[in-house]
Every structure is written in C-alpha cells, then in structure tokens.
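Asks:
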Amino acid sequence: MARSATDTADEVHVYEPHRAGIPPLVPYFRGLWARREFAAEFSKSGIRAANTQTVFGQLWLVLNPLLLALVYYFLIAVLRGGDSGGLPRLANLTGGLFLFTFVAGSMSSGASSVTGGGRLIMNMNFPRLLMPFAAVRTAWFRFLPTLPVYVLLHLLSGAGWSWTMLLSVVFLGYAVVFAMGIAALLATLQVYFRDTSSFLPYFSRIWLYVSPILWAVHDTAGQFGTLMAINRIVNPLYSIVGGWVELSLNGVMPSPTTWVMGAVWAVVMFVVGSLLFMSRERDFTVRL
Amino acid sequence: MDIAHSAQKPSPGEPPVVSVQDVSITYRTTFEKVPTLKSAIVRLGRGERAVHVVEALKGVSFDVTRGSSVGIIGANGAGKSTLMRAIAGVLPPSSGRVEVRGRISALLALGVGFNSALTGRENVILGGLASGLSRKEVVARAEEVAAFAEIGEFIDVPVRTYSSGMYQRLAFSVSVHMDPDILLIDEALSAGDASFKVKANAKMAELMKSARAMFLVSHSLNAVREMCDDALWIHKGKLMMHDTPDACIKAYTKFLEVGENAFTLEDL
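The listed protein sequences derive, respectively, from chains H and X.
First residue of the first sequence: 573, per the numbering used here; consecutive thereafter.
First residue of the second sequence: 5, per the numbering used here; consecutive thereafter.
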C-alpha cells in the first residue's frame, strides 16, 4: 500500500468485497482484542442499566437461580414420593443449575446482542463479534455472585474438600468458550429469524432436563442404555456441566471421555459459531 | 463561515485521502419488516422469493484530496447515507474498492444514542471505545464533549430523557471531539438552534485545520454552499456530478425544476 510521507502515523483502510465470506482472521482478531475494553464497557453499562430497574439489583442475580433451584428441588421430592435427597441433592442441583443458567443466559442475551445493538452496528465500524462476546461477559458477571451461594450449600451439605476440586476451573473454562460460540451462533440466527429468541426458552428447558442437573451422572449408571450413551456424546452440557459438578462438588475425577468431549464441544462450538458469525456479519448492517 | 479557507492543502503527489473506486452496493432485503422463521416457512409453502434486491449505489467513483470539505446532496433515497456508511466501512461494497487514509469519526444518522437507557456520559464512552480510542482518552474527553454540547448535568441522565436538540448537540459534539482525521456528518445540525449552529460551524472550521477531510450530507443547500468547497450530487445511486458546490447545487435545483428560491435553499 502506497503511503505518502505526510501520512506517517495512520492506518490505511481498504474496504473491498469479500467473496470468500470470512475476513482475514489475524487482523480481525487483532481488532477484536484491541477493542476488548469496549466489549467490557458495553457489558458493564448493560448490567448497570438493568440493575437500575429492579430494587433487588445484585441480590436478584443470586435469588433468581436459587429460587429456581428450590422449585426443582421440590419437584424432585414430589416425583420421588417424598425422597428429596436432602442437602447433598440440593447442592448438586444448584451447582449444575447455576452453570446452566450462565450458558442459557449467554444464549438468550447473545441471541439479541446484534439485533438489539442496531444503532451501534449501523453507525460504527468494529468487529461485530464483540457484541455476542460482551453478552457472554454479562452472563458471566451474573454467574459470579452465585458461586458463594454454591460454596455455602457445599459446606451445609457436608461434602468434603479436596485438591482435585480445583480442576473444576477447567470445566468453567469449557463453559465460557462454549458459551461464546453458541452466543455468536444464535446472534447470527436471530438476525435472519427474529423468532429465534422466542424458541429459545423451550429449547433451553428441554436442554436442562437432558443435562445432568436435575439428575446426577452417577444416578443413571446402567439406566437408559443407548439413549444415555448418545446423550453423553451429542449433549455438550452432559460433559461440561457433568464434569463441573463431579469435580466441584464431589471431588471425583471425571472420566477421560468427559474431559475430551467437553473440550471438543467447547472448541467446535466456538469455531463454528464465530466463523458463521464472521461470514455473515457484513450482511448484518442491511438486515437490521 | 468560510471553512474551506482554513483547510490544509494537499502536498504534490499525495494520494487522495478518500478514494472511492467504481463502488456499487447492492443488498438483498426481505419483504417483511421483521423476518421470522415462521414467515420463512410460510413463504416457502407459497413458493415466493424471499428477497428483493436494492441497488443503493451504482458504480460511484471519486477521489477526495487532503483539506477538502465535501458536501453530498441529492433527494431522499439517493444513496447519500449509504455512501457515507461505505466510507466509514460499515457497509462493505458489493463491488469496487474504498480506500481511506486516517481515522474516521462518523456522525451517521445521529449515532450517539446507542442505548437510550444509559446516560449521555456512558453513551459517549461507549461510542469512543467502539471507534477505537482507549478508555483513558475517552474518559478525558467526556467532560469536553458535555461542555461543548451545553447539556450540563444532563450528561449523567439517561439519554431517553433528552430533547431532540440536546440529543443532536451531544451527537455532534461526540464526533468532533474524537480527533478525527476524516469527519462524516449526516444531517447533524438540523435540530440545533441558531446559536449552536454558529458554534458548530466554528468548530468545524477549527477541525478542518487538523482534519484531512470532511463529508457533509445535508438537505440544506445553504449549509453545503457555506461549508464545503467540493460537492457530490447523487441521484438514485449514481454519481451525477462532482464539482464545486455552486455548480452542483445549480444543476441539482435545475434538475428538480423548482429554481433557487429561499424555500429550496433551506428545506430541500
């Protein structure tokens, strides 16, 4: 690119049609990284704006999944004819449910991140992946306050402590990467089909039931046969949430399959979601 | 206000600051305002075509040298805003090439109110960060922006409570305070009152000393005549004329067959 002597310190921007669909990845991700502060600020201000509208604010972030956990706890007790499983069951339930809420929250706010950011997208030129990623950041900061509650329940349930529990952080990492991917995927779908977000609650409800949240991985040993074997492979949250609960609550080392499937799902979802998003993002401006 | 007078001059052999080369922008858009999966399925059942094609720009080429302030005129739907978005890199061309040298600050269609639930300050910071400034730079500018926009303590009040004049003043103030190399202004000053317009013009004149180029989309032909030294007339996506503001305005008004009366000058 020719530059004149006077144009020393500045960028030359060239805008051309991209036939292949996906922009050059290295500059794209460099741009993404350079504007991480924007994603953080976008997410922060979103949280602030939401908190001003409820009296409970931060407290509500904890209360909401906790109340949900209690509802499911009673549901399980009813279904089992009074055998609630006590505090260990409740701890198990909240551990899984809190992480699931993070993924589901990333999905719903990720889905609306692009269509809801209309003005910004119409008027500013920046890597659009920042929008779903900011949504995941928001969901993450809604998840964090629930962790102390989980630790408290862990204490109350009398579960032990071990160093292997620290490894559960890896599964949190899987969950974050997976959430980024699925947020980008749903954000793209939402642009083309605005009813995506209306289907989401039903979809995530079913996902909740087939993931090891209301039931524990060790409950199902030898049951459901092939169905559970399939679930184990095709349901990303089987490995991610299952591994997280096994490690963080029981200090049990998950099976190698759980480790591998969790990592594979996280990477696959991230790559597929972000590539799909990037290949379509230049089309977003005219579709908002 | 003679803005062109204070502008920089291009050095010999310097490449144009903005070079638009045979740019066409075609986009396909859906029939319905809100595309849904349901309507897609219904359409599929009826065997209808999902999209129709809009040719927003057709083979537009021009170069802009350092120090130019370019007015873009044309009727509604001519493609003026599309052209601005193409220069800002928001809308990629379907064919052709856009080259821009320098940092762009865009004031497109009142671009500041990203989130009306947030305060003015938060919007200013968000806009600055999105345009690639660091947090430190943006926070330092927020005060300056608020002072110039004359919105006082309203800077910390949600944007949804602003009057349209406050909103536009803030939008204008944001874009001129981001140290732009190239300034894009789309119908920014229609709501500001007379005194703010004077101030805004002075600010733009000051900016032209440091900025490389300015683009102004306006239906006020007077504004284009006063503030620009170069003009583009676009009609239905085609570049009809690239000449001095006077020549373009004359041709444009003649084209409209209404003549250059005062009414035309203010409101077209």
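Using N, Cα and C, we set each Cβ at its ideal position, and we do this for glycine too.
Treat the numbers as computed from the prediction; the structure is a model and nothing was measured.
Classify D234 (chain X): buried if its beta carbon has 16 or more other beta carbons within 10 angstroms, exposed otherwise.
Replies: To locate residue 234 (chain X), count along the second sequence from 1; it is residue 230. Looking at its Cβ environment, which holds 16 or more other Cβ atoms inside 10 Å, D234 (chain X) is buried.
Asks: Determine whether the Cβ of D767 (chain H) lies closer than 7 Å to any Cβ atom of chain X.
Replies: As a position in the first sequence, residue 767 (chain H) is number 195, starting the count at 1. Output row for D767 (chain H): interface = yes.
Asks: Just curious, the beta strand (DSSP E) that E103 (chain X) is in, first and last residue?
Replies: In the second sequence, the residue the question calls residue 103 (chain X) occupies position 99. S99 to R105 is the span of the beta strand (DSSP E), which, as asked, contains E103 (chain X).
Asks: According to the neighbour-count rule (16 or more other Cβ atoms, all chains shown, within 10 Å of its Cβ), is R867 (chain H) buried or exposed?
Replies: Since the first residue of chain H shown is 573 and the last is 860, residue 867 (chain H) is not available in this structure.
Asks: What do you reckon, are the CB atoms on P162 (chain X) and A121 (chain X) nearer than 7 Å?
Replies: Here residue 162 (chain X) refers to the residue found at position 158 when the second sequence is read from its first residue. Here residue 121 (chain X) refers to the residue found at position 117 when the second sequence is read from its first residue. Yes.
Asks: If we count the other Cβ atoms within 10 Å of its Cβ and call it buried at 16 or more, is H181 (chain X) buried or exposed?
Replies: By one-based count along the second sequence, residue 181 (chain X) stands at place 177. Answer is buried; the Cβ neighbour count reaches 16.
Asks: Looking at the C-beta of T69 (chain X), does it have a partner C-beta in chain H at a distance below 7 Å?
Replies: Here residue 69 (chain X) refers to the residue found at position 65 of the second sequence. Not closer than 7 Å to any Cβ of chain H, the Cβ of T69 (chain X) fails to qualify, so no.
Asks: Determine the extent of the alpha helix (DSSP H) in which L812 (chain H) is found, giving its start and end residues.
Replies: The sequence position of residue 812 (chain H) within the first sequence is 240, counting from 1. Note on residue identity: the sequence assigns Ile, not Leu, to residue 812 (chain H). First-last of the alpha helix (DSSP H) with I812 (chain H): P808 to V817.
Asks: Return the residue from the list H:V686, H:W779, H:V675 and H:S820 that minimises the CA-CA distance to L738 (chain H).
Replies: As a working mapping, residue 738 (chain H) is identified with position 166 in the first sequence. That would be H:S820, whose Cα lies nearest to the Cα of L738 (chain H).
Asks: Suppose the cutoff is 7 Å on Cβ atoms and the five residues either side in sequence are ignored; what does the same chain contact list for Y31 (chain X) look like?
Replies: Taking the second sequence and counting its residues from 1, the one referred to as residue 31 (chain X) is at position 27. Counting only Cβ-Cβ distances below 7 Å, and skipping sequence neighbours, we find V58 and A60.
Asks: Buried or exposed for A574 (chain H), going by 16 or more other Cβ atoms inside 10 Å?
Replies: In the first sequence, the residue the question calls residue 574 (chain H) occupies position 2. At A574 (chain H), the pLDDT of 34 sits below 50, so the modelled position is not reliable and the matter cannot be decided from this model.
Asks: Nearest to R107 (chain X) by CA position, among X:G131, X:A175 and X:S135, is which residue?
Replies: For the purposes of this step, residue 107 (chain X) is identified with residue 103 of the second sequence, where counting begins at 1. Among X:G131, X:A175 and X:S135, the Cα nearest to that of R107 (chain X) belongs to X:S135.
Asks: Using CA atoms only, rank isn't needed, just tell me which of H:A611, H:A759, H:S811 and H:L662 is closest to V844 (chain H).
Replies: Within the first sequence, numbered from 1, the residue matching residue 844 (chain H) stands at position 272. Ranking H:A611, H:A759, H:S811 and H:L662 by Cα distance to V844 (chain H) puts H:A759 first.
Asks: If you reduce the DSSP assignment to three classes, tell me which class I186 (chain X) lands in.
Replies: For the purposes of this step, residue 186 (chain X) is identified with residue 182 of the second sequence, where counting begins at 1. In this structure, I186 (chain X) counts as strand in the three-state DSSP scheme.
Asks: Can you confirm whether E853 (chain H), when its beta carbon is compared against all beta carbons of chain X, has any partner nearer than 7 Å?
Replies: Here residue 853 (chain H) is taken as the residue at index 281 of the first sequence, counted from 1. No, because no Cβ of chain X sits closer than 7 Å to the Cβ of E853 (chain H).
Asks: Along the segment 739-762 of chain H, where does the CB come closer than 7 Å to a CB of chain X? Name the residues.
Replies: Cβ contacts with chain X come from no residue of the segment 739-762 of chain H.
Asks: Find out if the Cβ-Cβ distance for the pair R785 (chain H), L669 (chain H) is shorter than 7 Å.
Replies: Working through the first sequence from its first residue, we reach residue 785 (chain H) at position 213. Working through the first sequence from its first residue, we reach residue 669 (chain H) at position 97. Correcting the residue identity first, residue 785 (chain H) is Ile in this sequence and not Arg. Against a cut-off of 7 Å, the Cβ pair of L669 (chain H) and I785 (chain H) comes out as a contact.
Asks: Quick one: is Q630 (chain H) buried, meaning 16 or more other Cβ sit within 10 Å of its Cβ, or exposed?
Replies: The residue given as residue 630 (chain H) occupies position 58 in the first sequence. Answer is exposed; the Cβ neighbour count stays below 16.
Asks: Using 7 Å as the threshold, is the C-beta distance between A150 (chain X) and I159 (chain X) below it?
Replies: Locating residue 150 (chain X) in the second sequence gives position 146, where the first residue counts as 1. Locating residue 159 (chain X) in the second sequence gives position 155, where the first residue counts as 1. Yes.
Asks: Just the Cα atoms here: how many angstroms apart are P707 (chain H) and S678 (chain H)?
Replies: As a first step, residue 707 (chain H) is located in the first sequence; it is residue number 135 there, counting from the start. As a first step, residue 678 (chain H) is located in the first sequence; it is residue number 106 there, counting from the start. Per the sequence presented here, residue 707 (chain H) reads as Ala, with Pro not at that position. Approximately 6 Å between the Cα atoms of the pair.
Asks: Determine the closest residue to I778 (chain H) out of H:T768, H:N807 and H:G753, with distance taken between C-alpha atoms.
Replies: Within the first sequence, numbered from 1, the residue matching residue 778 (chain H) stands at position 206. Nearest of H:T768, H:N807 and H:G753 to I778 (chain H), Cα basis: H:N807.
Asks: Taking Cβ positions only, does L95 (chain X) come closer than 7 Å to chain H?
Replies: Along the second sequence, read from residue 1 onward, the residue named residue 95 (chain X) stands at position 91. Yes, its Cβ sits closer than 7 Å to a Cβ of chain H.
Asks: Just verifying my parser: in three-state terms, what is the DSSP assignment at Y587 (chain H)?
Replies: Taking the first sequence and counting its residues from 1, the one referred to as residue 587 (chain H) is at position 15. Of the three classes helix, strand and coil, the one that applies to Y587 (chain H) here is strand, per DSSP.
Asks: Check whether the segment 764-771 of chain H and the segment 692-703 of chain H are in contact - that is, three or more C-beta pairs closer than 8 Å.
Replies: Touching, no.
Asks: Helix, strand or coil for L114 (chain X), going by three-state DSSP, please let me know.
Replies: Residue mapping note: residue 114 (chain X) aligns to position 110 of the second sequence, counting from 1. Model confidence at L114 (chain X) stands at a pLDDT of 45, short of 50, so the residue's coordinates are unreliable and nothing is read from them.
Asks: One question on the structure: do I189 (chain X) and A217 (chain X) come within less than 7 Å of each other, judged by their Cβ atoms?
Replies: Against the second sequence, residue 189 (chain X) aligns to sequence position 185. Against the second sequence, residue 217 (chain X) aligns to sequence position 213. It is not a contact, given that the beta carbons lie outside the stated cut-off.
Asks: Expressed to the nearest angstrom, what Euclidean distance is found between the alpha-carbon atoms of V742 (chain H) and L642 (chain H)?
Replies: Start at 1 with the first residue of the first sequence, and residue 742 (chain H) comes out as number 170. Start at 1 with the first residue of the first sequence, and residue 642 (chain H) comes out as number 70. Roughly 27 Å between the two C-alpha positions.
Asks: Taking the alpha-carbon positions, what's the V21 (chain X) to F259 (chain X) distance?
Replies: Reading the second sequence from its first residue, position 17 is the one you call residue 21 (chain X). Reading the second sequence from its first residue, position 255 is the one you call residue 259 (chain X). Cα to Cα, V21 (chain X) sits roughly 30 Å from F259 (chain X).
Asks: Taking just the CA atoms, how far does G753 (chain H) sit from S43 (chain X)?
Replies: Mapped onto the second sequence, residue 43 (chain X) falls at position 39. Mapped onto the first sequence, residue 753 (chain H) falls at position 181. Near 27 Å, if we compare the C-alpha coordinates of G753 (chain H) and S43 (chain X).
Asks: Taking 7 Å as the CB-CB cut-off, is P599 (chain H) touching chain X?
Replies: Within the first sequence, numbered from 1, the residue matching residue 599 (chain H) stands at position 27. So, not an interface residue.
Asks: For V46 (chain X), count neighbouring C-beta atoms within 10 Å of its own C-beta (all shown protein chains included) and say buried if the count is 16 or more, exposed if not.
Replies: As a first step, residue 46 (chain X) is located in the second sequence; it is residue number 42 there, counting from the start. V46 (chain X) should be labelled exposed.
Asks: In chain order, what residues of the segment 142-162 of chain X put their CB closer than 7 Å to some CB of chain H?
Replies: The residues in question: there are none.
Asks: Please go through the same chain and pick out, in chain order, the residues whose beta-carbon is closer than 8 Å to the beta-carbon of P857 (chain H), but skip the five residues on each side of it.
Replies: Residue 857 (chain H) sits at position 285 when you count from the first residue of the first sequence. At residue 857 (chain H) the sequence reads Thr, which differs from the Pro that was named. Answer for T857 (chain H): I693 and M694, listed in chain order.
Asks: What residue range is occupied by the uninterrupted alpha helix (DSSP H) comprising V650 (chain H)?
Replies: As a working mapping, residue 650 (chain H) is identified with position 78 in the first sequence. Run containing V650 (chain H): Q630 to L651, per the alpha helix (DSSP H) assignment.
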